[in-house]
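Visitor: Taken in order, these protein sequences are the chains called A and B. Just so we're aligned, residue 1 is where the first sequence starts under the UniProt record's numbering, counting upward by one. Just so we're aligned, residue 1 is where the second sequence starts under the UniProt record's numbering, counting upward by one. The structure under discussion is supplied below as structure tokens; questions concerning it will follow.
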Amino acid sequence: MSAITRDEVAHLARLSRLALADEELDHFAAQLDVIIGAVARVAEVAADDIPPSSHALPITNVYRPDEVRPSLTPEQALSGAPAVEDGRFRVPRILGEEA
Amino acid sequence: MSTDTVMPYDEALERFEPVLGLETHVELGTASKMFCGCQAEFGAPPNTNVCPVCLALPGGLPTANVKAIESTIRIGLALNCSIAEWCRFARKNYFYPDMPKNYQISQYDEPLCFDGYLDVEVNGKTVRIEIERVHLEEDTGKSTHVGGATGRIQGADYSIVDYNRAGIPLVEIVTKPIPGTDRLAPEVARAYVTELREVLRTLNVSDVRMEEGSMRSDVNVSLMPRGSSEWGTRTETKNVNSLRSVERAVHSEIERQAAILADGGRIIQETRHFHENTGTTTSGRSKEEAQDYRYFPEPDLVPIAPDVAWVAELKAAMPELPRLRRKRLQQEWGVSDLDMEAMHNNDAIGLVEATVAAGAPPADARKWWMGELSRRANEAGIPLSELLITPDQIARVCAMVAGGALNDKLARQVLEGVLNGEGSPDEVVAARGLQIVNDEGELLAIIDQVLAGNADAAEKVRSGKIAAVGALVGGVMKASRGKADAGRARELLLEKLGVSE
């Protein structure tokens with residue numbers, strides 16, 4: 001079983017915009033290793049005749065008709081926003097690190 | 001913004017061969033969004049078409065819009081694709097505020113449609129563009145970047161986001177790499193996007209407005225040295241939003257990449273932005289650090305398994321596709337391949353067809369749309385369809401010419417009047433007094449006046465040089481300000497001068 005490395009944790013943390021300290025990287029690497037190991041045990045019981053599955057229920061084609069339903073009001077929509085400007089959600093600079 | 005060195009196009013093509021690829025995004029024209037019931041419309045006030053699902057509020061769960069699935073399958077069928085018997089949505093994870101979920105629901109390795117093709121005509125030749133896949137996803141919100149020098153994302157102080165567009169069904173159509181286009185690469189790229197747009201319009205699945213972004217193409221270009229079979233590194237120019245820009249983007253990327261390669265440099269795999277004003281591209285985000293979207297099957301949506309009978313039904317109900325329609329119209333109108341292609345490239349076929357349907361002879365309809373009206377549209381920098389004149393009005397002008405009430409010169413003035421908003425063709429004729437002079441008395445008076453002022457020419461005609469009558473006819477037309485019937489004027493002139501042909 002391959003061990004999760006610090007570099008891999010650092011990469012995932014950056015993708016998720018999480019600032020992790022050095023000791024946290026080690027801490028999570030070990031934890032993720034345990035989780036991956038536990039999930040990998042599924043492979044031990046999965047025989048060749050069992051196809052991989054992503055959904056628990058054997059159902060397909062659950063659709064809705066193309067009908068318009070009421071939306072929220074802009075006030076409701078923006079009520080949880082940390083910052084609002086001009087009827088829009090205001091968010092911090094996006095590519096600050098590349099500016 | 002630095003200016004890139006470029007190699008002139010002809011030289012670039014002598015040394016390198018281009019390979020193209022096109023990814024086109026199309027917003028479907030459904031009433032509601034892809035995974036929720038919010039209205040899918042363009043131009044609503046910000047954040048008025050949003051709900052817990054498309055805002056990713058806790059507990060919101062998506063349900064797929066069946067009309068969007070149907071439209072995607074119809075697009076696949078029109079592009080000669082196989083339709084998946086079973087496929088899934090996938091989460092594309094990325095950190096960017098244009099999607100409040102922090103992921104976009106898309107499709108990954110199981111597209112709904114795959115392995116098709118679209119034939120396009122370029123310079124009278126058929127080029128087959130292979131289609132890799134057609135998949136369904138959701139559009140993202142619209143960010144406005146505030147502050148910074150350029151209003152672009154780089155250097156902005158912060159951004160504000162409108163999620164009305166987030167969740168509108170979006171179809172992505174991806175070609176396989178297109179080698180072998182040689183120096184026609186820009187024209188092939190344009191012809192493909194033009195044909196694709198027409199197919200989508202015929203299917204009535206999208207309003208395909210490139211200028212409003214409901215259809216937009218990413219243009220991939222790479223170069224390889226002549227004689228090589230190994231493709232070079234490609235760049236991807238994002239969101240090119242007009243047919244002309246698609247052509248220009250390919251052209252400018254070939255010139256830019258050729259200069260770098262010829263200088264011993266290497267092409268960086270990156271996204272680039274196209275600039276309408278200069279016709280060139282500049283660097284965007286670098287893709288060198290491979291984007292890691294961590295795709296996985298969307299657990300909130302069950303798999304799609306289109307019923308075979310349903311797909312067959314959709315296939316049977318396909319409308320006549322544009323290429324076949326063009327072949328049919330070409331036969332009906334009796335025009336050459338190149339004339340047909342010229343009309344196609346000018347987006348004139350539908351207009352000519354409507355004009356013919358309104359009663360005009362095909363040759364006349366084509367003459368006006370491809371001549372005078374194309375010239376006017378070019379001058380104004382707008383497509384033909386945006387001229388303020390209708391096919392019915394053109395047909396009316398054709399009828400007036402055929403009935404002898406107008407000649408071509410007067411007809412042009414009538415068209416000018418209609419385009420200026422002076423009213424219908426009949427109103428313009430009345431208001432500007434553009435009727436042909438049919439009153440023989442008036443015409444004879446003008447002829448006498450012209451003969452008196454052109455004694456030399458009159459004498460030549462009398463002595464048998466009939467060709468000299470042309471100058472006199474010209475004089476009559478000028479004196480009548482174009483309103484005389486030139487044929488009748490010629491007859492009367494010859495009669496007066498006592499000669500016959």
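Beta carbons: idealized from backbone N, C-alpha and C, even for Gly. Values in this document were obtained by computation on a predicted structure and should not be read as measured data.
Smallest Cα separation from residue 218 (chain B): which of B:243, B:460, B:492 and B:17?
Guide: Locating residue 218 (chain B) in the second sequence gives position 218, counting from the first residue. For residue 218 (chain B), the nearest C-alpha among the options comes from B:243.
Visitor: Per DSSP, which one or two residues make a beta bridge with residue 93 (chain B)?
Guide: By one-based count along the second sequence, residue 93 (chain B) stands at place 93. B:103.
Visitor: Among B:310, B:358, B:370 and B:359, whose alpha-carbon lies nearest the alpha-carbon of residue 349 (chain B)?
Guide: Translated into the one-based positions of the second sequence, residue 349 (chain B) becomes position 349. That would be B:370, whose Cα lies nearest to the Cα of residue 349 (chain B).
Visitor: Could you name each continuous beta strand (DSSP E) segment of 3 residues or more that falls completely within the stretch 173 to 209 of chain B, going from the start of the chain to the end?
Guide: Listed in chain order, nothing qualifies, since the stretch 173 to 209 of chain B has no complete beta strand (DSSP E) run of 3 or more residues.
Visitor: Under 7 Å from any heavy atom of the ligand PLP, does the C-beta of residue 400 (chain B) make it?
Guide: This structure simply doesn't include the ligand PLP, nor any ligand for that matter.
Visitor: Taking the Cβ atom as the reference point for each residue, do residue 47 (chain B) and residue 164 (chain B) lie within a distance shorter than 8 Å?
Guide: Reading the second sequence from its first residue, position 47 is the one you call residue 47 (chain B). Reading the second sequence from its first residue, position 164 is the one you call residue 164 (chain B). Their beta carbons are under 8 Å apart, which means residue 47 (chain B) touches residue 164 (chain B) by this criterion.
Visitor: What does the alpha-carbon distance come out to for the pair residue 279 (chain B) and residue 356 (chain B)?
Guide: Reading the second sequence from its first residue, position 279 is the one you call residue 279 (chain B). Reading the second sequence from its first residue, position 356 is the one you call residue 356 (chain B). Taking the straight line from one Cα to the other gives about 37 Å.
Visitor: I want to verify the contact list: residues of chain A whose CB lies under 8 Å from the CB of residue 67 (chain B), in sequence order.
Guide: To locate residue 67 (chain B), count along the second sequence from 1; it is residue 67. Going along chain A in sequence order, the residues near residue 67 (chain B) (Cβ under 8 Å) are 65 and 66.
Visitor: Could you check which residue in B:381, B:328 and B:45 has the C-alpha nearest to that of residue 74 (chain A)?
Guide: Along the first sequence, read from residue 1 onward, the residue named residue 74 (chain A) stands at position 74. Ranking B:381, B:328 and B:45 by Cα distance to residue 74 (chain A) puts B:45 first.
Visitor: With distance defined between alpha-carbon atoms, name the residue in B:70, B:490 and B:97 nearest to residue 309 (chain B).
Guide: As a first step, residue 309 (chain B) must be located in the second sequence, where it is residue number 309. Ranking B:70, B:490 and B:97 by Cα distance to residue 309 (chain B) puts B:70 first.
Visitor: So, does the CB of residue 288 (chain B) fall closer than 8 Å to a CB anywhere in chain A?
Guide: Here residue 288 (chain B) is taken as the residue at index 288 of the second sequence, counted from 1. Because the pLDDT of residue 288 (chain B) is 45, which lies under 50, any placement of that residue in the model is unreliable, and the question is left without a value.
Visitor: Under the three-state reduction of DSSP, which class applies to residue 390 (chain B): helix, strand or coil?
Guide: On the second sequence, residue 390 (chain B) is found 390 positions in, with the first residue counted as 1. In the structure shown, residue 390 (chain B) sits in coil (DSSP, three-state: anything other than H, G, I, E or B).
Visitor: Out of B:193, B:292, B:231 and B:201, which has the shortest C-alpha to C-alpha gap to residue 74 (chain B)?
Guide: Walking along the second sequence from the start, residue 74 (chain B) turns up at place 74. Among B:193, B:292, B:231 and B:201, the Cα nearest to that of residue 74 (chain B) belongs to B:201.
Visitor: What residue does the beta strand (DSSP E) around residue 221 (chain B) start on, and which one ends it?
Guide: Here the question's residue 221 (chain B) lines up with position 221 in the second sequence. That run of the beta strand (DSSP E) goes 215 to 225.
Visitor: Using beta carbons (cut-off 8 Å, strictly below), is residue 88 (chain B) in contact with chain A?
Guide: Translated into positions along the second sequence, residue 88 (chain B) becomes position 88. Interface residue, yes.
Visitor: Evaluate contact between the stretch 296 to 313 of chain B and the stretch 77 to 95 of chain B, counting only Cβ atoms and requiring at least three cross-stretch pairs below 8 Å.
Guide: Yes: at least three Cβ pairs fall under 8 Å.
Visitor: Let me check understanding here. Comparing Cα to Cα, which of B:106, B:224, B:130 and B:123 lies closest to residue 82 (chain B)?
Guide: One-based indexing of the second sequence puts residue 82 (chain B) at position 82. The shortest Cα separation from residue 82 (chain B) among B:106, B:224, B:130 and B:123 belongs to B:130.
Visitor: Could you check the C-alpha separation between residue 288 (chain B) and residue 268 (chain B) for me, to the nearest Å?
Guide: Translated into the one-based positions of the second sequence, residue 288 (chain B) becomes position 288. Translated into the one-based positions of the second sequence, residue 268 (chain B) becomes position 268. Residue placement at residue 288 (chain B) cannot be trusted, given a pLDDT of 45 that sits under 50; the coordinates are not used to answer.
Visitor: Are at least three pairs of beta-carbons, each pair with one atom in the stretch 82 to 94 of chain A and one in the stretch 157 to 172 of chain B, less than 8 Å apart?
Guide: The stretch 82 to 94 of chain A, when compared against the stretch 157 to 172 of chain B, does touch it at the 8 Å Cβ threshold.
Visitor: So residue 297 (chain B) and residue 54 (chain A) are supposed to be a Cβ contact under 8 Å. How far apart are they, rounded?
Guide: For this step, residue 297 (chain B) is matched to residue 297 along the second sequence. For this step, residue 54 (chain A) is matched to residue 54 along the first sequence. Sure, about 4 Å apart at Cβ, within 8 Å.
Visitor: Does residue 377 (chain B) have its Cβ less than 8 Å from a Cβ in chain A?
Guide: Translated into the one-based positions of the second sequence, residue 377 (chain B) becomes position 377. No, residue 377 (chain B) does not count as interfacial toward chain A.
Visitor: Could you tell me whether any Cβ in chain B is nearer than 8 Å to the Cβ of residue 32 (chain A)?
Guide: For the purposes of this step, residue 32 (chain A) is taken as the residue at position 32 of the first sequence. It does not; no Cβ of chain B falls within 8 Å.
Visitor: Measure the alpha-carbon distance for residue 70 (chain A) versus residue 34 (chain B) and round it to whole angstroms.
Guide: Looking up residue 70 (chain A) in the first sequence gives position 70. Looking up residue 34 (chain B) in the second sequence gives position 34. Approximately 15 Å, taken between the alpha carbons.
Visitor: Using CA atoms only, rank isn't needed, just tell me which of B:354, B:323, B:379 and B:313 is closest to residue 416 (chain B).
Guide: Position 416 of the second sequence, counted from the first residue, corresponds to residue 416 (chain B). The option with the nearest alpha carbon to residue 416 (chain B) is B:379.
Visitor: Verify the CB distance criterion: does residue 48 (chain B) have a CB-CB separation below 8 Å to chain A?
Guide: For the purposes of this step, residue 48 (chain B) is taken as residue 48 along the second sequence, with counting starting at 1. Yes, residue 48 (chain B) counts as interfacial toward chain A.
Visitor: How is the beta strand (DSSP E) around residue 239 (chain B) delimited, first residue to last?
Guide: Taking the first residue of the second sequence as position 1, residue 239 (chain B) is located at position 239. It spans 235 to 240 - the beta strand (DSSP E) in which residue 239 (chain B) sits, taken as one unbroken run.
Visitor: Is the shortest distance between the beta-carbon of residue 25 (chain A) and the beta-carbons of chain B less than 8 Å?
Guide: Within the first sequence, numbered from 1, the residue matching residue 25 (chain A) stands at position 25. Residue 25 (chain A) does not count as touching chain B.
Visitor: In terms of residue numbering, what span does the alpha helix (DSSP H) encompassing residue 33 (chain B) cover?
Guide: Counting from one through the second sequence, the residue named residue 33 (chain B) turns up at place 33. Looking at the DSSP string, residue 33 (chain B) is not in any alpha helix (DSSP H), and its letter there is neither H nor E.
Visitor: Need the endpoints of the beta strand (DSSP E) that residue 162 (chain B) sits in, please.
Guide: Mapped onto the second sequence, residue 162 (chain B) falls at position 162. Note, residue 162 (chain B): beta strand (DSSP E), 158 to 162.
Visitor: Would you grab the beta carbon distance between residue 170 (chain B) and residue 27 (chain B) for me? Rounded to a whole angstrom, and I think it's under 8 Å.
Guide: Residue numbering aside, residue 170 (chain B) sits at position 170 when the second sequence is read from its first letter. Residue numbering aside, residue 27 (chain B) sits at position 27 when the second sequence is read from its first letter. Yes, residue 170 (chain B) and residue 27 (chain B) are in contact; Cβ-Cβ is about 6 Å, under 8 Å.
Visitor: Can you list, in chain order, the residues of the stretch 37 to 66 of chain A whose Cβ is nearer than 8 Å to any Cβ on chain B?
Guide: Cβ contacts with chain B: 54, 55, 57, 59, 60, 61, 62, 63, 64, 65 and 66.
Visitor: Which one of B:55, B:113, B:333 and B:4 has the shortest CA to CA distance from residue 101 (chain B)?
Guide: Along the second sequence, one-based indexing puts residue 101 (chain B) at 101. Cα-wise, what sits closest to residue 101 (chain B) is B:55.
Visitor: Could you pull the start and end residues of the alpha helix (DSSP H) that residue 324 (chain B) belongs to?
Guide: By one-based count along the second sequence, residue 324 (chain B) stands at place 324. It spans 322 to 333 - the alpha helix (DSSP H) in which residue 324 (chain B) sits, taken as one unbroken run.
Visitor: To the nearest angstrom, report how far apart residue 79 (chain B) and residue 126 (chain B) are at their CA atoms.
Guide: Mapped onto the second sequence, residue 79 (chain B) falls at position 79. Mapped onto the second sequence, residue 126 (chain B) falls at position 126. Looking at the two C-alpha atoms, the distance is approximately 15 Å.
Visitor: Roughly how many angstroms separate the alpha carbons of residue 423 (chain B) and residue 409 (chain B), rounded to a whole number?
Guide: Working through the second sequence from its first residue, we reach residue 423 (chain B) at position 423. Working through the second sequence from its first residue, we reach residue 409 (chain B) at position 409. One C-alpha to the other measures close to 19 Å.
Visitor: Drop a sphere of 10 angstroms on the beta-carbon of residue 431 (chain B), count the other beta-carbons inside from all chains shown, and report buried for 16 or more, exposed for fewer.
Guide: By one-based count along the second sequence, residue 431 (chain B) stands at place 431. Counting Cβ neighbours within 10 Å, residue 431 (chain B) comes out exposed, since fewer than 16 surround it.
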